[in-house]
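Peer 1: I have a structure here, written as structure tokens, and I will follow up with some questions on it.
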């Protein structure tokens with residue numbers, strides 16, 4: 035299932051995973067989706083249950099020498115049911131299977147050493163771990179025969195967990211490497227819930243990887259372990275939520291360059307200097323990051339260049355709103371400096387933001403000025419964001435600082451005082467929308 039919005043696509047892929055070599059989950063698109071431009075993909079969430087077996091058809095045989103009714107010893111292969119076991123569970127399962135075959139007097143003892151991570155075994159019968167599908171490998175034993183009534187310790191550490199890492203493979207993913215080799219891994223994590231409990235994997239930080247096709251006809255998902263072996267979920271449902279979006283262009287990674295470019299830039303004959311004091315960085319995943327920024331500085335209002343008519347129109351200034359914003363949705367104007375248009379839209383004075391309908395949430399903070407509430411041309415206005423020194427915003431969002439500008443005139447000059455009525459951080463969409 036796919037949902038398309040203004041920014042990209044969201045996909046839900048769900049299905050049941052059977053067997054040690056299961057078919058991948060497939061999502062077919064008819065008609066195909068034309069991905070014009072560069073796109074990238076990330077995992078939003080993964081849902082399933084921890085039914086991953088550590089005993090499979092590849093390691094479920096326990097061969098032992100059992101005495102029959104004629105007092106002759108016979109080698110018998112005991113098949114342990116496929117499932118998820120710890121050491122105690124295995125001991126009970128083996129004894130139960132032997133008893134069903136008439137070996138009521140057979141005793142098996144398994145003991146795990148938490149210091150060495152090895153397993154000790156003692157049995158009243160000889161045990162053969164040399165078969166290809168022997169349970170001995172899981173317990174750390176090599177291909178050998180253990181004599182009865184002797185306590186044996188495994189040569190290797192026990193591999194009782196089986197799956198240490200779950201890797202999600204996706205056929206349209208590029209940009210992922212293991213030991214220098216390219217792979218199609220979209221995401222990997224370690225299961226952290228007991229057997230039978232629900233696995234819910236939601237990446238704390240969404241990592242977008244390049245999409246390797248321009249025509250999307252299908253998405254194929256495979257789940258493997260750390261050794262690239264397919265994981266058997268024993269028929270449990272696996273649900274994966276993915277998001278594909280257009281890759282952010284280089285211009286979104288040049289905000290600090292653009293901010294320097296607007297220094298001394300004139301719009302309606304108002305100069306906002308030193309805008310570079312607003313530190314802006316962009317992470318490689320495409321998120322706009324305001325990093326280590328406890329306040330925003332707007333300073334040096336230069337009104338001396340205004341015409342006489344503009345100076346007298348105090349009502350215009352009284353009701354005007356100063357808006358500094360960074361957004362890809364702002365309406366493009368006929369800027370005097372054309373180079374600014376190609377880099378970013380950064381400044382709109384005297385007009386309110388025209389994208390209010392796109393905002394889904396705002397955060398308001400108290401305005402706490404430093405010093406006098408009146409400011410001259412060379413004074414600073416600091417707008418504090420308490421207890422927050424880092425914002426991670428999607429590049430489609432904008433950050434705005436709003437306030438009213440009031441003029442104070444005398445016989446010799448025009449100076450400015452600023453009264454900021456609020457300080458808001460506005461979001462085009464919230465975390466749950468991502």
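Numbering (the numbering used here), first residue to last: 35 to 468. Ideal Cβ placement from N, Cα and C applies to all residues, glycine included.
Am I right that residue 249 and residue 172 are in contact with their C-beta atoms under 8 Å? What's the rounded C-beta distance?
Peer 2: Contact flag wrong, Cβ pair sits at about 45 Å.
Peer 1: Residue 219: which of 185, 109, 244, 101 sits nearest, CA to CA?
Peer 2: Checking every option, the nearest Cα to that of residue 219 belongs to 244.
Peer 1: Classify residue 196 as buried or exposed, calling it buried when 16 or more other Cβ atoms lie within 10 Å of its own Cβ.
Peer 2: With 16 or more Cβ atoms within 10 Å of its Cβ, residue 196 is classed as buried.
Peer 1: Out of curiosity, what's the CA-to-CA distance linking residue 234 and residue 79?
Peer 2: In a straight line, the C-alpha of residue 234 is about 7 Å away from that of residue 79.
Peer 1: Within its chain, find whatever has a CB closer than 7 Å to the CB of residue 116; leave out the 5 residues flanking it on each side and keep chain order.
Peer 2: So the qualifying residues of the chain are 87, 89, 90, 91, 94.
Peer 1: Which residues bound the alpha helix (DSSP H) around residue 59?
Peer 2: No alpha helix (DSSP H) holds residue 59; the beta strand (DSSP E) holding it covers 59 to 68.
Peer 1: Cα separation between residue 269 and residue 113?
Peer 2: If I take the Cα positions, the gap works out to 21 Å.
Peer 1: By Cβ distance below 6 Å, which residues in the same chain neighbour residue 99 in space, the five residues on each side in sequence not counted?
Peer 2: Closer than 6 Å at the Cβ level, and outside the excluded window around residue 99, lie 107, 109, 159, 160.
Peer 1: What is the rounded straight-line gap between the Cα of residue 227 and the Cα of residue 85?
Peer 2: Rounded to whole angstroms, residue 227 to residue 85 spans 10 Å at the Cα level.
Peer 1: Specify, as a first and last residue, the run of the alpha helix (DSSP H) that residue 127 falls within.
Peer 2: From DSSP, the alpha helix (DSSP H) with residue 127 extends over 121 to 134.
Peer 1: Looking at the structure shown, is residue 171 part of a helix, part of a strand, or coil, going by DSSP?
Peer 2: Reduced to three states, the DSSP call for residue 171 is helix.
Peer 1: To the nearest angstrom, how far is it from the Cα of residue 363 to the Cα of residue 44?
Peer 2: The predicted position of residue 363 is uncertain, since its pLDDT is 27 and thus under 50; a value taken from the coordinates is nonetheless stated next. About 21 Å.
Peer 1: Starting from residue 85, trace the beta strand (DSSP E) both ways and give me its first and last residue.
Peer 2: Per DSSP, residue 85 belongs to no beta strand (DSSP E) and is neither H nor E.
Peer 1: Using the three-state DSSP reduction, which class does residue 398 fall into: helix, strand or coil?
Peer 2: Because residue 398 sits at a pLDDT of 48, beneath the cut-off of 50, its placement in the model cannot be relied upon, and the following sentence gives the value as read from the coordinates. Three-state result, residue 398: strand.
Peer 1: Within its chain, find whatever has a CB closer than 8 Å to the CB of residue 167; leave out the 5 residues flanking it on each side and keep chain order.
Peer 2: Contacts found: 91, 92, 93, 94, 95.
Peer 1: Could you spell out where the beta strand (DSSP E) holding residue 232 opens and where it closes?
Peer 2: Start and end: 232 to 235.
Peer 1: Determine the extent of the beta strand (DSSP E) in which residue 267 is found, giving its start and end residues.
Peer 2: That residue, residue 267, is in no beta strand (DSSP E); it is neither H nor E in DSSP.
Peer 1: Inspect the beta-carbon positions of residue 280 and residue 63 and report whether they are closer than 9 Å.
Peer 2: No, the Cβ-Cβ distance between residue 280 and residue 63 is not below 9 Å.
Peer 1: Who are the near neighbours of residue 278 in its chain, counting only those whose CB is closer than 6 Å to its CB and skipping five residues on each side?
Peer 2: Excluding sequence neighbours, residue 278 sits near 42, 43, 73, 75.
Peer 1: Going straight from the alpha carbon of residue 130 to that of residue 192, what length do you get?
Peer 2: Whole-angstrom Cα-Cα distance: 22 Å.
Peer 1: Are there 16 or more other CB atoms within 10 angstroms of the CB of residue 179, so buried, or fewer, so exposed?
Peer 2: It is exposed - the Cβ of residue 179 has fewer than 16 other Cβ atoms within 10 Å.
Peer 1: May I have the straight-line CA-CA distance separating residue 56 from residue 259, to the nearest angstrom?
Peer 2: Answer to the nearest angstrom: the Cα atoms are 13 Å apart.
Peer 1: State yes or no: is the C-beta of residue 4 within less than 9 Å of the C-beta of residue 82?
Peer 2: Since the displayed the chain opens at 35 and closes at 468, residue 4 lies outside it and no answer follows.
Peer 1: Is the CB-CB distance between residue 265 and residue 200 below 9 Å?
Peer 2: Contact: yes.
Peer 1: Roughly how many angstroms separate the alpha carbons of residue 397 and residue 246, rounded to a whole number?
Peer 2: Bear in mind that a pLDDT of 49 at residue 397, under 50, signals an unreliable position, so the number given afterwards is only what the model happens to contain. In a straight line, the C-alpha of residue 397 is about 38 Å away from that of residue 246.
Peer 1: Which same chain residues end up closer than 6 Å to residue 256 when comparing Cβ atoms and leaving out the 5 residues on each side of it in sequence?
Peer 2: Answer for residue 256: 58, 203, listed in chain order.
Peer 1: In three-state DSSP terms, what is residue 240?
Peer 2: In the structure shown, residue 240 sits in coil (DSSP, three-state: anything other than H, G, I, E or B).
Peer 1: Rounded to whole angstroms, what's the CA-CA distance from residue 140 to residue 132? Just pull it up for me.
Peer 2: If you take the alpha carbons of residue 140 and residue 132, they lie about 7 Å apart.
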